[in-house]
Amino acid sequence: FETNYLEGGGAGGTKLLKMVATMIFKCSQDQCARLLFFSMDEVQDHAQAFGVAHANVEQVDPSTQLWVDVKSGRHTFREQEKDKWMRNDPSAQFELHPISFLLELRKKKSQEHHKQDKFLDSVNQKKLEMLTFRGNSRILSAKALHFTKGEGSLEAAEKWMEEHKGDTDVDKLTDEFLASVESSGSGDVVMADASGGDVEMVDAEPDDRKIGDPNPPEVKKMVHPEWLKELTTEMGFPELRAEKALYCTENASLEAAIEWLTQHAEDADIDLPLKKPAPPKPKMSKEEAQAKAAELQKKIREKKLQEEKLSEKEKERQRVESTKAMVEASERLKEEERKREIERQRREKEQAEKDRKELKEKMRLDYIERFGKEPPPEEEEHEKSIKEKSTKDQVAFYLGKLKKNYKDSNPEGLKTCLSTLKIYVKNLQDNPQDPKFKKLKLDNKAFQSRIAPFDGAIDFLDAMGFEKKEDCLEQRKSVPDGWLCGNAIKFIDLLLGQL
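To convert, note that position 224 of the sequence shown is 224 in the working numbering; the numbers rise steadily by one, no gaps.
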């Protein structure tokens, strides 16, 4: 059928066009004999791309057998060509089928693509873009948003992906999954507002693309004609796929287009034409361009300033942490040194005590050897000898004895005792001629509870000049020793300070 005849006007031409719409054609040129066309639009596009001679097509019966690669959809009538393709691509799976099988295959892929698009359009598109921008696949991101739509946050979607990353087919839109989505009432909708909050659901713009439609003219004029011819006539790729490969790789190279075709051979929409590209944005005026540049420079400066602030803040945090770590390390070293010093002093004390005991034992043995008996107790000897010393030394000794005997066993009682003794001595010092301060009643309640129970307290008073009478302690000197009183008060204050 000639293209110009099919485009003829009148009722006959219209009737013929309706009949042709149900037919399958192939190019009559030998080098393009494998190419099938399922609409007159495809025939016309083919003729425009390769010349008028290629507008001659012949009808093919749907039952005609041909070799079909069930994975990529490539097909040929020639077994030799099929064998050549298999040598070049061992993973290809060619099977002999009628052309009607190819139609069903395309129809099935078109239906699958429609279902998948319907599901992908039903989730929040802004969130979907953000998840895919973070490195997640589009299908996995859409599934995560679908199952967490009740929570409505990116964190919930990412958590769902983490929990289900090991699930079978989690990154695929299987027939079972799409059927379950349809049965649950997920319609063909898109988000009117993808800001992440409560959004209004509106009908999606219908996608009227179908298998057999050509690529938009805007796509066709952008592809490399020589590489397109090589991909179709010499390598056997369908024209629509070849155009998509060259367009999507921006005519980078023939190898890049072949790589794209290999990677996308299993895509559900591989045989659907590309959508019409968005119209280019109008060119900005000089003033608009300057304003845009100024705004961009402002944003860059603000971003740089923010980054510098964050950097300074991080440096300060690291400096504080470093200083803190150094202080802690220094404190640990000091603590370890203190413990070592305590341990050293303890060992020295233990060694000194050991040496003292050895010396004491040696002196005891020497005494026994000289006098034939055990030596008298040290305390008795010391107390006997202290009576021979000055009153100041006696005061110091008896106060020390009080501290030694009661510091640990009765510290509160010792404080009361020392405070009472200080009062006695202070009264004597301040009132040396007053007779009432020169006598201390033995049966006085305060004396009985604060002084009498403490060994060394009465000896201290004796050293201060009080001698025991029948019912009291009486100052033996007519004029008390003021110097001794002053020193005694100093000793008592020193002991109270230590308690």
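Ideal placement from N, C-alpha and C gives every residue a C-beta, glycine not left out.
How should residue 161 be labelled, buried or exposed, when 16 other C-beta atoms within 10 angstroms of its C-beta is the threshold for buried? buried
Spatial distance of residue 125 from residue 149 (CA atoms): 12 Å
Please tell me whether residue 329 has its Cβ less than 8 Å away from any Cβ of chain C. You won't find chain C in this structure, because it holds only one protein chain.
With C-beta atoms as the reference, is residue 407 less than 8 Å away from residue 499? yes
Around the C-beta of residue 527, are 16 or more other C-beta atoms found within 10 angstroms, so that it is buried, or is it exposed? The first residue shown for the chain is 1 and the last is 499, placing residue 527 beyond what the model contains.
For residue 257 and residue 97, what's the separation of their Cα atoms in angstroms? 28 Å
Here's the rule I'm using: 16 or more other beta-carbon atoms within 10 Å means buried, otherwise exposed. How should residue 490 be labelled? exposed
Have a look at the DSSP bridge pairing and note the partners of residue 125. Paired residue(s): none; residue 125 is not in a bridge.
Just list the beta strand (DSSP E) runs in the region 411 to 438, keeping only unbroken ones of 3 residues or longer that don't cross its boundaries, in chain order. Fully enclosed beta strand (DSSP E) runs of 3 or longer: not present.
Proximal residues to residue 254 (C-beta, below 7 Å), its chain only, five neighbours per side dropped: 227, 230
Reducing DSSP to helix, strand and coil, say where residue 117 ends up. helix
Taking a contact to mean a Cβ-Cβ separation below 8 Å, would you say residue 209 touches residue 273 in this structure? yes
Quick one, are the C-beta atoms of residue 234 and residue 219 less than 8 Å apart? no
Contact between the region 443 to 460 and the region 415 to 435 (3+ Cβ pairs under 8 Å): yes
Report yes if the C-beta of residue 267 is less than 7 Å from at least one heavy atom of the ligand SAH; otherwise report no. As for the ligand SAH, it is missing from this structure, which has no ligand bound.
Taking the alpha-carbon of residue 165 as reference, which of 182, 140, 176 has the nearest alpha-carbon? 140
Pairwise C-alpha distance: residue 57 and residue 75: 18 Å
Give the DSSP-derived three-state secondary structure of residue 148 in the structure shown. coil
For residue 64, which three-state DSSP category applies? coil
Decide yes or no for the touch test of the region 435 to 447 against the region 467 to 479: beta carbon pairs closer than 8 Å, at least 3 of them. yes
Hey, out of 374, 172, 132, 175, whose CA is closest to residue 157's CA? 132
Smallest Cα separation from residue 468: which of 443, 488, 492, 481? Taking the Cα of residue 468 as reference, the smallest distance to any Cα among 443, 488, 492, 481 is reached at 443.
Whole-angstrom distance between residue 103 and residue 25, CA atom to CA atom: Distance between residue 25 and residue 103, taken at the CA atoms: about 13 Å.
Use the C-beta contact count for residue 193: other C-beta atoms within 10 angstroms, 16 or more gives buried, fewer gives exposed. Any reading at residue 193 must be qualified, since the residue scores a pLDDT of 38, below 50, and its modelled position is unreliable; the value itself is stated next. Under this definition residue 193 is an exposed residue.
When you compare only the Cα positions, how much space is there between residue 245 and residue 260? Going from the Cα of residue 245 to the Cα of residue 260 covers about 6 Å.
What residue does the beta strand (DSSP E) around residue 290 start on, and which one ends it? Premise fails: residue 290 lies in the alpha helix (DSSP H), 286 to 371, not in any beta strand (DSSP E).
I'd like to check one pair, residue 428 with residue 492: are the Cβ atoms closer than 8 Å? no
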